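In the working numbering, the protein residues as written are 1 to 298. We put the beta carbon where it would ideally sit given N, CA and C, even for glycine. Since the structure is predicted, the reported quantities are computational estimates derived from the model, not experimental observations.
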Amino acid sequence: MPNAIEPTSPRSLARVRSTRRSARFGAALATCAVLVLGVTACSTGSGDGAASASSSEVALPPAGAGFDYQLGGASAVPDGASVVARDSTDEPADGAYGICYVNGFQTQPGVDWPSDLLVRLPGGEPLVDPNWPDEHILDIATDPNRQAIAARLATSIDGCADAGYQAVEFDNLDSWTRSDGAFDEDDAVAYATLLVAEAHEVGLAAAQKNTADLGARGRDEIGYDFAITEECDLFDECDTFTDVYGALVFDVEYTDDLRGTAAEVCDRVAALDPAPTTIVRDRDLVPADDPAYAYTAC
């Protein structure tokens, strides 16, 4: 296990979907406490909470709360936002429910991994994400590999908890769709279950990132507590997530690829019952002092 938090950015973080992939706690915030064993203190979705190996309590984000996605760099929290996602290398936002970004299924640029934990092509070179050519696909095909990779990522997860975050999101859950058949959805579910168990063990809620194809497996088998989605309106799949997680879905749409205007996006998501919390951001999620910055809250 490495001695430092696995770096997870900065970079241009909005995930490009080549396969239509179905990026400090304020005491006054209204949150729900959930027993990870599945006993919830309030309703969070359309079914029972998932079982997990831990009996510790985790705090869920307040449903319907204002949201910002600051993976391209930390900046002031927008007015009305009380849930903020940042990279694990950044401190959580003061006075907000903090979600810590960790690239759980692929490597980060400049971070060395043991060769046997990477998917390899026939020629021996590591398989890369075609949209992120400096990220290699982690090989989660076997239980020994899954255990070894999860142990390595535990340092990042524990670091998120130590920094004061309340939750963690693990990116690239759908890496099996880019693995050239090296592993499948069931392998991804088995591995994700290890990551979520570690998160729960240190008191963090865990967010499913994208991957609508999982249906309820993310909640019922893996143990995810809520969802963070990118472009669920663009791909007309927001209700796939709200059917599972209720109003605990936090969606990011991007200004360079909308179905109509931002106002039309907001009107569509508002018509859903329950509705996801939706924002429209610039593609690179830059800080507020960058000229390319854009932020609209629905």
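Contact between the region 193 to 200 and the region 238 to 249 is not established, with fewer than three Cβ pairs separated by less than 8 Å. DSSP, read as helix, strand or coil, puts Tyr165 in coil. By the Cβ neighbour-count rule, Asn172 is buried, with 16 or more other Cβ atoms within 10 Å of its own. Remark: C-beta atoms of Tyr224 and Gly218 approach each other more closely than 8 Å.
For the set Ser115, Thr177, Asp143 and Gln166, the Cα lying nearest the Cα of Val84 is the one of Gln166. Look at Ile140 here: in three-state DSSP terms it is coil, with no helix or strand label. Assignment of alpha helix (DSSP H) within the region 47 to 134, counting only whole runs of 4 or more residues, yields no such run.
Residue burial is scored here from C-beta neighbours: Gly260 has fewer than 16 other C-beta atoms within 10 angstroms and is therefore classed as exposed. Around the beta carbon of Thr211, 16 or more other beta carbons sit within 10 angstroms, so the residue counts as buried. A Cβ-Cβ separation of about 19 Å leaves Ser179 out of contact with Val102 under the 8 Å criterion. The beta carbon of Val265 sits closer than 8 Å to those of Asp233, Glu253, Leu258, Arg259, Thr278, Val280 and Cys298, all from its chain and outside the five residues before and after it, given in chain order. Around the CB of Pro114, fewer than 16 other CB atoms lie within 10 Å, so the residue is classed as exposed.
Inter-residue distance for Leu194 and Pro122 is about 29 Å (C-alpha atoms, whole angstroms).
A Cβ-Cβ separation of about 6 Å places Ile140 in contact with Ile149 under the 8 Å criterion. Here Gly181 is exposed, its C-beta having fewer than 16 other C-beta atoms within 10 Å. With a 10 Å radius around the Cβ and a threshold of 16 neighbouring Cβ atoms, Glu125 comes out exposed. The Cβ atoms of Gly159 and Ser88 sit closer than 8 Å to each other. Comparing C-alpha distances from Gln147 to each of Ala192, Pro109, Gly110 and Pro130 shows the shortest one belongs to Ala192.
Annotated three-state conformation of Tyr295 is strand, per DSSP. Separation of Ala270 and Asp90 (C-alpha to C-alpha, rounded to the nearest whole angstrom) is 31 Å.
Rounded to the nearest whole angstrom, the C-alpha separation of Pro130 and Arg120 is 14 Å. Arg219: not part of any beta strand (DSSP E); DSSP gives it neither H nor E. For Gln208, the beta-bridge partners assigned by DSSP are Ala227. Cβ-Cβ distances below 6 Å link Ala93 to Val77 and Val84 in the same chain, with the five nearest sequence neighbours on each side left out; the list follows chain order. Annotation: the continuous beta strand (DSSP E) that includes Glu253 extends over Val249 to Tyr254.
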